[in-house]
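Counting the sequence shown from 1 gives a position; the numbering used here is that position plus 10.
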Amino acid sequence: AMEYLANASSVFTPPPTTSPTIENLDAAEETHQFDADAAFLLNITLICCTLLAYYLKKNKCYFLPESAVAMLVGVFIGGIARLTVTDLTLFSFSP
C-alpha cells in the first residue's frame, strides 16, 4: 500500500503557476494585434468585393465578370499592402 501511495503522489503534481509575466503579456498583445489587423483587412477586402459586385449588377456591366473584380480588388489591396507594410508576415500563407 505504501508503494502505491509513493507512485500516486508522483503522478499528482501541482499545476505550474500560470501567473503572467511581462514577456507573456507582450507576446500575447502582439499576437492579438496581428490577428486583429488580419481580420480587419480581410473584412475590408470582402466588403469591397461585395459592393463592387453589387455595383456591376446594378449598372449592368457585363463586360467585366464579378470574379475579375474580386481579383482586381485583391491585387489593389495587395499592392497597397506591399508598398506600405514593412512586415509582410500578415500576408503569408501557412497551412
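By construction, the Cβ of each residue, glycine as well, lies at the ideal position given by its N, Cα and C atoms.
- The C-beta distance from T55 to V85 rounds to 11 Å, too long to meet the 8 Å contact threshold.
- Between the C-alpha atoms of G88 and A63 there is a straight-line separation of about 19 Å.
- Annotation: D47 to M81 spans about 21 Å, alpha carbon to alpha carbon.
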